[in-house]
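Here the structure comes first, spelled out in C-alpha cells, and everything after it is commentary.
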Amino acid sequence: MPSEPSRPDRAERPRRRGRALHRRSFALTLLVLMLPTLGIAQSMQVPSAVQAELTVKVAGYDRNFAARAGSKAVILLAAMPDDPESMRAALELKGALSRLPTVGDLPHEEQIVTFNNAAGLADNVRARKAAIVYFGPGFAKQIPAIREAFSTLDVLTVGAVPDYVPAGIVLGFDLVSGRPKLLINISQARKQHVAFPASVLNLMKVY
Amino acid sequence: MQSLQGVGVRPAHSIARWLIGVLLIAATERVASAEDVSGLEGMLAEPIVSSASKQSEGASSAPALSMSLSAEDLRRYGIKTLAEAIDFLAIGVSSSDNLNGGEVGARGVLLTGDRGSHFLLLVDGNVMNDPLRGGASFGVGAGIPLELVDHIEIVVGPGSVLYGSNAMLGLVNVVTKRAKDYSGARVIVESSLPTSIRTGVGVGTPFTLFGQDGEVTTQLEYFKQQGPDFFFSAENTGVDRFTGQPGRNSRNDGPTGIWGGRTARHSLFAEAPSGLVRVALGNTELHLQGSYYKHGAPTGPGDFDDPATGERETRASIGLSHRIAVSTLLDLSVRGYASYYDTKSHFIASRGVLCPFGLVTCDYASTGSASWVGLEMQSTWDWFRDGHFVTIVGADGRRRGVQTRSDTLQVDTGTPLYPADRGLDRSDFTVAAYAQQTWAVSQFVKLSGGARIDSDPRFSPVVTPRIAADWNPWAGGTIKLSYASAFRAPSWDEADNSTARRIKADHLLPEKVQSFDASVQHHFGTHRLVMGGFYSHWTNLVELVALSDAEAIAAIRNGQTTVPFTPGIELTQYRNSRDFTNYGMNMGLDGALDSGHVLYGLTLTGALAKRNVSSGTTRLPVAPQLLGNARLAFVLGQDLPTIALATHILGPRPADLSDGQFTPTPYAPTQVELRLTLSGDAPWIKGLSYRAMVNYAVADRGPYVVGPVTSSIPSETSPQLIPVDRFRTTVGLAYAF
Numbered sequence: 000m001p002s003e004p005s006r007p008d009r010a011e012r013p014r015r016r017g018r019a020l021h022r023r024s025f026a027l028t029l030l031v032l033m034l035p036t037l038g039i040a041q042s043m044q045v046p047s048a049v050q051a052e053l054t055v056k057v058a059g060y061d062r063n064f065a066a067r068a069g070s071k072a073v074i075l076l077a078a079m080p081d082d083p084e085s086m087r088a089a090l091e092l093k094g095a096l097s098r099l100p101t102v103g104d105l106p107h108e109e110q111i112v113t114f115n116n117a118a119g120l121a122d123n124v125r126a127r128k129a130a131i132v133y134f135g136p137g138f139a140k141q142i143p144a145i146r147e148a149f150s151t152l153d154v155l156t157v158g159a160v161p162d163y164v165p166a167g168i169v170l171g172f173d174l175v176s177g178r179p180k181l182l183i184n185i186s187q188a189r190k191q192h193v194a195f196p197a198s199v200l201n202l203m204k205v206y
Numbered sequence: 000m001q002s003l004q005g006v007g008v009r010p011a012h013s014i015a016r017w018l019i020g021v022l023l024i025a026a027t028e029r030v031a032s033a034e035d036v037s038g039l040e041g042m043l044a045e046p047i048v049s050s051a052s053k054q055s056e057g058a059s060s061a062p063a064l065s066m067s068l069s070a071e072d073l074r075r076y077g078i079k080t081l082a083e084a085i086d087f088l089a090i091g092v093s094s095s096d097n098l099n100g101g102e103v104g105a106r107g108v109l110l111t112g113d114r115g116s117h118f119l120l121l122v123d124g125n126v127m128n129d130p131l132r133g134g135a136s137f138g139v140g141a142g143i144p145l146e147l148v149d150h151i152e153i154v155v156g157p158g159s160v161l162y163g164s165n166a167m168l169g170l171v172n173v174v175t176k177r178a179k180d181y182s183g184a185r186v187i188v189e190s191s192l193p194t195s196i197r198t199g200v201g202v203g204t205p206f207t208l209f210g211q212d213g214e215v216t217t218q219l220e221y222f223k224q225q226g227p228d229f230f231f232s233a234e235n236t237g238v239d240r241f242t243g244q245p246g247r248n249s250r251n252d253g254p255t256g257i258w259g260g261r262t263a264r265h266s267l268f269a270e271a272p273s274g275l276v277r278v279a280l281g282n283t284e285l286h287l288q289g290s291y292y293k294h295g296a297p298t299g300p301g302d303f304d305d306p307a308t309g310e311r312e313t314r315a316s317i318g319l320s321h322r323i324a325v326s327t328l329l330d331l332s333v334r335g336y337a338s339y340y341d342t343k344s345h346f347i348a349s350r351g352v353l354c355p356f357g358l359v360t361c362d363y364a365s366t367g368s369a370s371w372v373g374l375e376m377q378s379t380w381d382w383f384r385d386g387h388f389v390t391i392v393g394a395d396g397r398r399r400g401v402q403t404r405s406d407t408l409q410v411d412t413g414t415p416l417y418p419a420d421r422g423l424d425r426s427d428f429t430v431a432a433y434a435q436q437t438w439a440v441s442q443f444v445k446l447s448g449g450a451r452i453d454s455d456p457r458f459s460p461v462v463t464p465r466i467a468a469d470w471n472p473w474a475g476g477t478i479k480l481s482y483a484s485a486f487r488a489p490s491w492d493e494a495d496n497s498t499a500r501r502i503k504a505d506h507l508l509p510e511k512v513q514s515f516d517a518s519v520q521h522h523f524g525t526h527r528l529v530m531g532g533f534y535s536h537w538t539n540l541v542e543l544v545a546l547s548d549a550e551a552i553a554a555i556r557n558g559q560t561t562v563p564f565t566p567g568i569e570l571t572q573y574r575n576s577r578d579f580t581n582y583g584m585n586m587g588l589d590g591a592l593d594s595g596h597v598l599y600g601l602t603l604t605g606a607l608a609k610r611n612v613s614s615g616t617t618r619l620p621v622a623p624q625l626l627g628n629a630r631l632a633f634v635l636g637q638d639l640p641t642i643a644l645a646t647h648i649l650g651p652r653p654a655d656l657s658d659g660q661f662t663p664t665p666y667a668p669t670q671v672e673l674r675l676t677l678s679g680d681a682p683w684i685k686g687l688s689y690r691a692m693v694n695y696a697v698a699d700r701g702p703y704v705v706g707p708v709t710s711s712i713p714s715e716t717s718p719q720l721i722p723v724d725r726f727r728t729t730v731g732l733a734y735a736f
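This is the structure:
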C-alpha cells in the first residue's frame, strides 16, 4: 500500500505545535511550582486523639504520678500566643482529654495557658500543682529554656513534636512506619521525678 | 475443575486451626504478663492513617477498611514491589502477574487489561496514575524505591469521595520516609539471581533555609531484568486466511504455521531507572518523581520471541503543597501539581491475519503522550476548635492535554504500510469540588459523610457520596458501617482514540460502583482482628470488545479504520458493556507475641463477582474468589537475623479468554506462593545490612492465554496459559554511611 507523504506532514504540523505548547506549559508550571514559598512552624505527627490516649495511658505507669497529682490531675496545655497551630493543638488535646474519664485512675482537669516565658510557666505549674504540662507545636526555640526552668519541678512534660524530646521535654510522640512511637528524655525524666518501669521504657525510644 | 476448587478451600481449615492456636497463645500471654503493658503495646501497634478521610486518625476509626504496611514489614518479608506488598501483607487485595507489569484487583474483582486504572495510586498524596490511560503500575515500573517508603496505606473499597476518578477498587498511598528515618547516605544492590539486578543510592538530610527547618530525602535507582527464559509449547496457527499458506510467526522464519515450540530467550525484559525526591521546608513540601520503564513479554499473539515487541513508558510528576494554619478555626492548604506521561509501543507481527500486506513483517507502532497541570485548594474548618466536628471543603481544577499516534510500518525499513491514523491532539479542563463532615458524637461514636462532584466535558457531572459510622460498643471493639461510591472516567485513549486495529468508541460513559460495607474490629493487646462483609454493584464497565465480522465490515466501510478488509480481520472497540455485582467477606488477624519477637498476620477473603450474560451469570476472568496471605516472623535481635516466612494464596481463576473462546473454560490452578526471608544487620561491618529471599510458587501456570491461539481452532482446541517463575532466589545488600 503506497504511503501518502503530504498527509502525515500536514497532520503533523499542528500536532507538533500542540506538543510544543504542552511542553512549554508543563515547564512553566514546574517553574512556578518551584518558586520558594515560606513555611511556618513544624506540625505534630500523631493526631491529638491518639496523643491524649497515650498520655493518659503512659501517665498511669509513672510511679510518682499519683503522689504528684494528689486527688485530681491538673493538666496544663501550653500554647504560644499568636500561633493558631499551637493554640489549636492545645484546644484539640483539651477536647480529646475531656472525653477520657480518668488519667492514671484520677479525675482530671485541663487548663490552657498562654506561654510568655519558661520561668513564668514554671511558676504556674507550681502554683496550680500541675501533674502534666503539654506543649503543642511552636515551642521549638523555647525548649532549652523550658528544660532549665523545669529541671527542679516534679512534673511530666509532654511534647507534640518529636524534636522536643532530645531538646529537653520528657515525653513525646513520633510517627514511625505509620505507627505512633513514644520518645523519652531519660535524664530530664529523672530530674523531673518521672519514673517509668523498664517494661514501659522498652517500648520507648530513649534519648 | 472441581478438584481444583477443593484444593482452594482446604487451606482455610488449616488457617482456622492456626488462628485458634494463636488466639490461645495470645490469651495465655496476657494472663501470664506480670506488668501488663499489653494495652499500651496495642495502642502503639494501631496504625495511624490519613488517606481515607484526609485527616490523621487511627485505622480502626477511619471511614473505610484501611491498613498500613510498615517499612519494617516490607523489609522483613522480602518485599520488592508494591504488588508484592499487596499480595503478602494486605487484606482483600491481590495482584496477578502477567509478566508485563502485573495487574491488581480487590475483593474478587480484577479487571484484566485495565493497567491498574481501577486503583488510585498516590505517593505522598500525589497522584501517580498516568494522564493518558489513568493506569498505575504496581510492579517495578512504579518507580518507587521501597527503601524510601515509610509505610503504605491501603484503603479498600470505593474512594472517589475525596479523590475523584479511578479509586473504584480502592487507593494506595505510599508515604515516604522523613529525613530523621532516612538520614545519611546509602547504597543498595539487590539481585534476583540471575535474571535481575537493582541498584540504588539514597540521601536524607535536614537543613535550614530562610530561618526555616527543612529536609530533603531522595533515592535514585536502576533496575534491569532479562528473563527468565520460558519454554512455550508449539501452537499451530493453521492456514493463514490471508496468504492461504501456513502462518509466519517470525520475521526470519518461513511459513511454518508454528508459534513457540522453543524457549523464549530475548523478549522477556524490563529496564526501569527511577528517582524520587521530597523536599520539605516548614509547611511547604515539594515532591518530584520520575521513571522510565521499558518492558516486554513473549506472551502476545504476534511474532514469537521478538525483542522489538514491547513498550517504553516515561513518567514525571511534581507536586508542591503548602499549608497555612489561618486560625484555630481554619486551616488552608494549596497544592499545585503536574504530571507527564509518554509511551511508545511496538507490536511485531508477520502472520497475514495480523499483517495483511504480503510477505512482510508489520511493526504496529503506537505513541502517546499526555500531561496535566492542576491546582487543588482545601479548607479545613474545626468548628468547635477541639477536632470533634470538622468540615473539609475543597476544589480541584486541572488542565489536560493528550496526543497519540498510531503507525503501521514495515519492520525492516520503517516505511509506512498505509497511512497513519489521525490519533488524538486534544486538551480540556476539568473541575471538581468536594466536602466532608466528620463528627465525633461521643468517645464511642463517630460519623462521617461527604460527596464530591467531578465535571468532565466528555460526560455529565458525576457525584460520588460516602457516609460512614463507627461505634465502639466495648473496650477495644469497633463496628463500622459505610456506603461509598466511586467512578472512573474513561481515559482519553478509551473514549476518543483509535488505532489501526481499534475503532473509536461511541460516547463512553464513566464506570461507577456503589458499595455497602460492614465490619467488626477488635484489638486485645497487640493483637487485632477484623471481620467484614461487603456488597458492591458495578455499572457501565468499559471493555475492549472484539467486533463481529459484520461490525468490522461496517467499520471499514464507514471509514472508522484505514485497515483494508481481509477475511478474519480482528477489530476492537471500547464499549460500556457490563454491569455486575460483587459481594463477599474478609477477615484479618495480626499481632505480636513475646514482646515483639514473634510477629504474625493472616488474612482471608472470599468474594464473588458475577456478571450477567445471556446464558446466566459468569465469573470475572483472572479474578480470584478466594485470596489471602499469612506471615510469621521471628525477630531474634542483636546481630542475629530476622527469619520470616510469608505466603499468599489465590484460588483457581478463569483465564482472561474465558468468554466462550475455549471449551471447557480454561482455568489457572490455585496458586500458593511461599517466601522465606532472612534479613538483618551484618555483625562485622557497621552500616551494612542484608536480606536474602527464597521464593517458591506451587502452580506453574497463571490465568492468561498466551500466543496467537486466542480461541479454539481446528488445529488448537485448548489454550496455552502463561508460565510462572516458580523458584527464585534474591539477595541484597545495603550500606548506610
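The listed protein sequences correspond, in order, to chains A and B.
FYI, numbering that gives the first Met the number 0 numbers position 126 of the first sequence as 125, with every residue one higher than the one before it.
FYI, numbering that gives the first Met the number 0 numbers position 561 of the second sequence as 560, with every residue one higher than the one before it.
Glycine is no exception: its CB is placed at the ideal position from the N, C-alpha and C atoms.
query, result
"Tell me, to the nearest whole angstrom, how far the beta carbon of A:S186 is from that of B:A70; I am working on the premise that it is less than 8 Å.", "Not a contact, Cβ separation roughly 29 Å."
"So, does the CB of A:P83 fall closer than 8 Å to a CB anywhere in chain B?", "yes"
"Label B:Q402 either buried or exposed according to how many other C-beta atoms from any shown protein chain fall within 10 Å of its C-beta, with 16 as the threshold for buried.", "buried"
"For the alpha helix (DSSP H) that contains B:W491, what are its first and last residues?", "W491 to D495"
"Please list the residues of the region 46-66 of chain B that have a C-beta atom closer than 9 Å to any C-beta atom in chain A, keeping them in chain order.", "P46, I47, V48, S49, Q54, S55, E56, G57, A58 and S60"
"Run through DSSP, which three-state label would B:Y76 get?", "coil"
"Comparing the CB of B:R500 with every heavy atom of the ligand MN, is any distance shorter than 7 Å?", "The model depicted lacks the ligand MN and carries no ligand whatsoever."
"For A:L75, decide whether its Cβ has a neighbour in chain B, counting only Cβ atoms nearer than 8 Å.", "no"
"So if I threshold CB-CB distances at 9 Å, which residues from the region 93-109 of chain A count as touching chain B?", "K93, G94, A95, S97, R98, L99 and P100"
"Any beta carbon of chain A sitting closer than 8 Å to that of B:M42?", "yes"
"Output the distance between the C-alpha atoms of B:L603 and B:T379, rounded to the nearest integer angstrom.", "37 Å"
"Count the other CB atoms, across all protein chains shown, that sit within 10 Å of the CB of B:T27; report buried if there are 16 or more and exposed otherwise.", "Caution applies to B:T27, whose pLDDT of 46 falls short of 50 and renders its modelled position unreliable; the model cannot decide the point."
"Can you name the residues that DSSP bridges to B:G367?", "B:T342 and B:T403"
"Name the DSSP bridge partner or partners of B:N581?", "B:S535 and B:A608"
"Determine, using beta carbons only, whether A:M86 comes closer than 8 Å to chain B.", "yes"
"Going along chain B in order, which residues have a C-beta closer than 7 Å to the C-beta of A:R62?", "Result: empty, since nearest Cβ-Cβ is about 12 Å, beyond 7 Å."
"Residues of the region 172-191 of chain B in Cβ contact with chain A at a cutoff of 8 Å, in chain order, please.", "V174, K179 and D180"
"Does A:A148 get closer than 8 Å to chain B when you measure Cβ to Cβ?", "no"
"Which whole runs of the alpha helix (DSSP H) in the region 63-144 of chain B are 4 residues long or more, in chain order?", "70-75 and 81-88"
"Consult DSSP for B:R29 and reduce its assignment to one of helix, strand or coil.", "Low local confidence applies: a pLDDT of 43 at B:R29 is under 50, so the model's placement there is unreliable, and no value is given."
"Under 8 Å, Cβ to Cβ, is there at least one residue of chain A near B:L39?", "yes"
"Strictly under 8 Å for the Cβ-Cβ distance: is B:D149 near chain A by that measure?", "yes"
"Which residue from B:M376, B:A733, B:L675 and B:P306 puts its Cα closest to that of B:A629?", "B:L675"
"By DSSP, does A:G123 sit in helix, in strand, or in coil?", "One point to set straight first is that residue 123 of chain A is Asn, not Gly, in the sequence displayed. If DSSP states are grouped into helix, strand and coil, A:N123 belongs with the helices."
"Does the distance from the C-beta atom of B:V705 to that of B:F231 stay below 8 Å?", "yes"
"Just the chain A side, please: which residues come within less than 7 Å of B:T327 by C-beta, in chain order?", "P83, M86, R87 and L90"
"Between the alpha carbons of B:E550 and B:E672, how many angstroms are there, rounded?", "43 Å"
"Is B:T463 closer than 8 Å to B:F486 when the C-beta atoms are compared?", "yes"
"Given a cut-off of 8 Å on the beta-carbon distance, is the pair B:A434 and B:S447 in contact?", "no"
"Could you work out which residue in B:T571, B:D330, B:N539 and B:L546 is closest to B:R501 when comparing CA atoms only?", "B:T571"
"Where do the ends of the alpha helix (DSSP H) carrying B:M42 lie?", "S37 to A44"
"Per DSSP, what kind of secondary structure is B:I466 in: helix, strand or coil?", "strand"
"Is it the case that the region 161-179 of chain B contacts the region 119-127 of chain B, given that we only count it when at least three CB pairs across the two stretches are under 8 Å?", "yes"
"Could you check which residue in B:F241, B:G373 and B:G309 has the C-alpha nearest to that of B:G351?", "B:F241"
"How should B:G301 be labelled, buried or exposed, when 16 other C-beta atoms within 10 angstroms of its C-beta is the threshold for buried?", "buried"
"Whole-angstrom Cβ separation of B:V155 and B:G91, contact assumed at under 8 Å?", "5 Å"
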